[in-house]
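Undergrad: Dumping the structure here so I can ask a few things about it.
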Amino acid sequence: MRTPNATSIGCRDPCAGWTTARDRQLLLALGRGPARAAVADVPNLNAFSLVTSGQSFVPSPEAEALVTEQRHLLVREYGKKGREIIRDAQAYADGINAYNESKGIAQPPATVNDVIAVTAFIGSIFGAGGGGEAANADLLANLEQELGQKQGYEAWEDVMLAEDPEAPTTIDKRFDYPPLTGGKVKGSVVVDPGSIESIDPRVPESAAGLAPARRQASNWLLSSRQRSATGNTLGVMGPQLGYYYPEIVQQIHLEGPGIKAQGAAVPGLAMYMLIGRTKDYAWSLTSAGHDVRDAFAEKLCEPDGATPTRDSDHYVYK
């Protein structure tokens with residue numbers, strides 16, 4: 113299999129875009145719309161399934177506005193670094209457009225928004241941890257019922273904020289997580305014990321709040337140079353991308369200002385190599401199961417003003 117090469121004295125991001133358009137044109141076309149669905153986080157709509165099944169998704173102006181807002185957010189939050197990311201994304205999109213124009217391929221011009229949407233799409237697959245507030249609230253309610261409010265809350269907090277000093281770690285330094293601010297959060301309530309009856313729309317056969325089914329995980333194996341037959345440190349590492357078909361990454365070799373590396377990149381985001389190696393070091397990634405999503409309780413209502421029930425499918429907006 114040929115490895116796409118992007119080698120030039122003054123070309124990194126545009127050449128990465130060129131090779132992506134040449135070798136992964138179909139994925140670029142299939143992923144553009146569904147990636148917007150990932151940004152909008154449309155309920156009951158699996159963006160990855162849309163891509164792998166070849167189904168289209170035409171984003172509304174409101175969905176596109178969400179992507180544009182993410183672009184502005186990059187600059188607001190990260191300043192100079194954010195502007196650099198936007199420039200890299202634009203150069204990558206320019207490379208895609210240059211290839212399509214040279215070959216007479218009739219595709220809508222690639223944009224920075226496409227790159228941002230693909231980033232959200234990948235995050236929706238491998239970085240969508242959290243969202244278990246309902247199950248957490250149910251656990252707290254049951255603990256308070258069994259142990260009393262004070263001891264129940266202390267037991268719940270001990271479980272939720274567990275820190276095992278004997279747990280294996282890869283680095284010695286502590287990660288500086290932001291401090292808990294405390295206080296009540298709107299939409300955060302303690303439910304009645306055992307009252308949760310909703311169904312998780314992502315897994316219809318499983319009750320909401322239950323532990324997810326066992327799934328494939330990332331792989332990581334490292335050997336020091338002392339244990340290596342070649343005298344070099346060896347690393348075999350990567351997320352569970354190999355379990356997917358069609359594959360959503362591409363092998364790529366980049367040489368240009370500030371980079372000389374080969375590895376795996378995502379079509380639509382290939383100006384940055386997610387997994388790879390250079391002459392003297394290598395890096396990989398894993399799925400992020402961190403608590404990056406939050407679920408809030410909403411107040412149900414009926415459009416005609418009637419008393420809401422468990423079966424009501426409307427809620428009070430703001």
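Residue numbers (this note's numbering): 113 to 430.
Where a beta carbon is used, it is the ideal one built from N, C-alpha and C, also for glycine.
Every value quoted in this text rests on a predicted model; they were computed, and no experiment measured them.
DSSP puts residue 211 in a beta bridge; with which residues?
TA: The partner list for residue 211 (beta bridge, DSSP) is empty, contrary to what the question assumes.
Undergrad: Helix, strand or coil: which one does DSSP assign to residue 384?
TA: Residue 384: coil per DSSP, three-state reduction.
Undergrad: From residue 224 to residue 338, what does the alpha carbon distance come to, in whole angstroms?
TA: Those two C-alpha atoms are separated by around 46 angstroms.
Undergrad: How should residue 269 be labelled, buried or exposed, when 16 other C-beta atoms within 10 angstroms of its C-beta is the threshold for buried?
TA: Counting Cβ neighbours within 10 Å, residue 269 comes out exposed, since fewer than 16 surround it.
Undergrad: Tell me residue 426's beta-bridge partners as DSSP assigns them.
TA: Per DSSP, 413.
Undergrad: Let me know the secondary structure DSSP gives residue 166 once reduced to three states.
TA: Residue state, collapsed to three classes: coil.
Undergrad: Residues in the same chain with beta-carbon distance under 6 angstroms from residue 243, minus the five sequence neighbours each way, listed in chain order, please.
TA: For residue 243, where only same-chain residues beyond five positions count, the Cβ hits under 6 angstroms are 405 and 407.
Undergrad: Going by the beta-carbon positions, is the gap between residue 227 and residue 201 smaller than 8 angstroms?
TA: For residue 227 and residue 201, yes; Cβs fall inside 8 angstroms.
Undergrad: What is the DSSP secondary structure of residue 87, counted as helix, strand or coil?
TA: Since the first and last residues shown for the chain are 113 and 430, residue 87 lies out of range.
Undergrad: Which two residues bound the contiguous beta strand (DSSP E) that contains residue 348?
TA: First-last of the beta strand (DSSP E) with residue 348: 346-350.
Undergrad: Look at the alpha carbon of residue 129 and the alpha carbon of residue 384, and state the distance between them as a whole number of angstroms.
TA: Going by the C-alpha atoms only, they are around 11 angstroms apart.
Undergrad: When burial is assigned at 16 or more other CB atoms within 10 Å of the CB, is residue 151 buried or exposed?
TA: Buried, since its Cβ has 16 or more Cβ neighbours within 10 Å.
Undergrad: Tell me whether residue 378 is buried or exposed, calling it buried when 16 or more other Cβ atoms sit within 10 Å of its Cβ.
TA: With 16 or more Cβ atoms within 10 Å of its Cβ, residue 378 is classed as buried.
Undergrad: May I have the straight-line CA-CA distance separating residue 113 from residue 247, to the nearest angstrom?
TA: Caution is warranted here: a pLDDT of 46 is assigned to residue 113, below 50, making its placement in the model unreliable, and no coordinate value can be reported.
Undergrad: Once the 5 residues before and after residue 349 are set aside, which same chain residues still bring their CB inside 6 angstroms of it?
TA: Cβ neighbours of residue 349 beyond the five flanking positions: 332 and 396.
Undergrad: Measuring alpha carbon to alpha carbon, tell me which residue in 236, 184 and 156 is nearest residue 402.
TA: Nearest C-alpha to residue 402: 236.
Undergrad: What is the rounded straight-line gap between the Cα of residue 112 and the Cα of residue 306?
TA: Residue 112 lies beyond the stretch modelled for the chain, which goes from 113 to 430, so this question has no answer here.
Undergrad: Give the range of the alpha helix (DSSP H) segment to which residue 236 is assigned.
TA: Start and end: 224-238.
Undergrad: Taking the alpha-carbon positions, what's the residue 301 to residue 409 distance?
TA: Rounded to the nearest angstrom, the two C-alpha atoms are 7 angstroms apart.
Undergrad: With H, G and I counted as helix, E and B as strand and the rest as coil, what does DSSP make of residue 389?
TA: Residue 389 falls in the strand class under three-state DSSP.
Undergrad: Can you give me the start and stop residues for the beta strand (DSSP E) that residue 331 sits inside?
TA: Counting along the chain, the beta strand (DSSP E) containing residue 331 begins and ends at 331-335.
Undergrad: How would you label residue 122, buried or exposed, when you count the other beta carbons within 10 angstroms and need 16 or more for buried?
TA: Because residue 122 carries a pLDDT of 47, less than 50, the predicted location of this residue cannot be relied on, and the following value inherits that uncertainty. Its Cβ having fewer than 16 others within 10 Å, residue 122 is exposed.
Undergrad: If you check the beta carbons only, do residue 303 and residue 253 fall under 8 angstroms apart?
TA: Yes, the pair counts as a contact, with Cβ atoms nearer than the cut-off.
Undergrad: Tell me where the alpha helix (DSSP H) around residue 264 begins and ends.
TA: Taken as a continuous stretch (DSSP letters only), the alpha helix (DSSP H) holding residue 264 covers 261-272.
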